[in-house]
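Presented below is the structure to which this report refers.
The following block contains the structure:
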């Protein structure tokens, strides 16, 4: 449940931020591309058994209520938009096939994924799609999940994928259940709920005023975060910060996770630090190839951070914050650069408040200047994210998963 309501699951300010900033050039979904051994999904002629796949996935989706919910925008005085069961849910609206160009290698796979990834999700339906990319070499099949960021963050998306996939190749389908379709709430009940939530907010504000020391502390924290993240640490000017336009290209790089863990441990860091080191080296080479200066340059980098309890159950929603840290691309030596990054990430974790930064962005997105700020902001150069995937083999309807490639959203000029 959201903080706004105990009766209805209303969208949070973070959820609404992604909807408000979305456009044809800035789709607000993200996802993942899995590559499967396709034999279990293909018939004797090599064609995708799309009808059977849809039927089997429909049984799984019935166990994940969030995947059958759409956004309802209430009328006058009805309050924030909320999630409701889609009374006309049809799996055929969400599971599709696209045939890759010949010869069906990795280049054609990524080309096909980019083509279907760029289209906006239909807001009148549950905000997700699953695309099967066929025609690939060696009998492989690609599976691309598109999931709107208003629905879930990265860790929640992993939970969604886990609900569709199996940990055994011969795992049985879940028992069929009748999907829950709660009737749409009435206008009057929404108004009552909205007024109740507003009164609750007023009472919270009154309690805060009654404790001015805590109120001043919160205001100072918010102001400090805004100034530190978006004022005093202006990002250097370079060619990276151009307005994002429609159309996407997807590229992949495979690295050995065990080797990355060894490097991280040898430098008292984490795998995330090694990822940032590699990213820094790549950006250094890119800017150098463009004839742009790197000496003394630190690229301001946004890092999504989970706000979830490490011991709690992963719910399908948004519990994500943001940190901003400098990447020392001026340092050419990867070992010295990694040492600098390890020290910086520790310092930033102690000083910044990821939830407050995301709250600042969500509040800004709700203003008339939100979209303008996104294209003109000079606080961040790049966005880097890393989501831990399942540590064990996985299967989709009997097909073994060979690779998984995460795909993030691009918004504004980042």
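In my numbering, the protein residues as written are 125 to 538.
Ideal Cβ placement from N, Cα and C applies to all residues, glycine included.
Computed from a predicted structure; not experimentally measured.
Cβ-Cβ separation between residue 472 and residue 447: approximately 6 angstroms, consistent with a contact (criterion under 8 angstroms). Counting along the chain, residue 426 sits inside the beta strand (DSSP E) bounded by residues 423 to 430.
For residue 216, the CB contacts under 8 angstroms within the same chain, skipping 5 residues up- and downstream, are 178 in chain order. Per the coordinates, the alpha-carbon of residue 376 lies some 20 angstroms from the alpha-carbon of residue 411. Separation of residue 158 and residue 328 (C-alpha to C-alpha, rounded to the nearest whole angstrom) is 45 angstroms. In the displayed model, residue 218 falls within coil according to three-state DSSP, outside both helix and strand. DSSP, reduced to helix, strand and coil, places residue 525 within a strand of the structure shown.
Short of 6 angstroms from the beta carbon of residue 137, and not among the five residues preceding or following it, lie these beta carbons of its own chain, in chain order: 486.
The three-state secondary structure of residue 171, taken from DSSP, is coil.
Secondary-structure assignment with DSSP links residue 458 through no beta bridge to anything. Going by beta carbons, residue 444 and residue 433 fall outside the 9 angstroms limit. Assigned with DSSP and collapsed to three states, residue 262 falls in helix. By the CB criterion at 9 angstroms, residue 254 and residue 267 fall inside the cutoff. Each residue's CA atom was taken as its position, placing residue 358 and residue 523 some 48 angstroms apart. When Cβ pairs closer than 8 angstroms are counted between the two stretches, the segment 399 to 418 is seen not to touch the segment 519 to 538, the count staying below three. Excluding sequence positions up to five before and after residue 399, its CB lies within less than 8 angstroms of the CB of 384, 508, 510, all in the same chain and listed in chain order. Sorting 219, 419, 282 by C-alpha distance to the C-alpha of residue 438 places 282 at the top. Counting only residues of its own chain and dropping the five nearest sequence neighbours on each side, residue 458 has a CB closer than 7 angstroms to the CB of 401, 405. Judged by pairs of C-beta atoms under 8 angstroms, the segment 158 to 176 does not touch the segment 297 to 315, as fewer than three such pairs exist. Cβ contact annotation for residue 393 (same chain, cutoff 6 angstroms, sequence separation greater than five): 466, in chain order. Annotated three-state conformation of residue 251 is coil, per DSSP. Burial of residue 258 is indicated by the presence of at least 16 other C-beta atoms within 10 angstroms of its C-beta.
Distance check between residue 270 and each of 537, 195, 529, 496 places 529 closest, using alpha-carbon atoms only. Put simply, the segment 159 to 167 does not touch the segment 272 to 282. Fewer than three CB pairs are less than 8 angstroms apart. Each residue's CA atom was taken as its position, placing residue 361 and residue 231 some 32 angstroms apart. For residue 455, the number of other beta carbons within 10 angstroms of its own is at least 16, and it is reported as buried. Beta-bridge annotation (DSSP): residue 195 is paired with 207. Closest in alpha carbon position to residue 450, among 441, 142, 425, 495, is 425.
Residue 299 sits exposed, since fewer than 16 C-beta atoms from the chains shown fall within 10 Å of its C-beta.
Looking at 198, 131, 470, 209, the one whose alpha-carbon comes closest to that of residue 188 is 209.
Per DSSP, residue 153 is one residue of the beta strand (DSSP E) stretching across 153 to 161. In the same chain as residue 207, and ignoring 5 residues on each side of it, the C-beta atoms closer than 6 angstroms to its own belong to 133, 193, in chain order.
Judged by DSSP secondary structure, residue 518 falls outside any beta strand (DSSP E); it is assigned neither H nor E. Around the beta carbon of residue 195, a 10 Å sphere encloses 16 or more other beta carbons of the protein chains shown; the residue is thus reported as buried. Non-local C-beta neighbours of residue 146 in its own chain, meaning closer than 6 angstroms and more than five positions away in sequence, comprise 152, ordered along the chain.
Counting only residues of its own chain and dropping the five nearest sequence neighbours on each side, residue 213 has a CB closer than 6 angstroms to the CB of 192.
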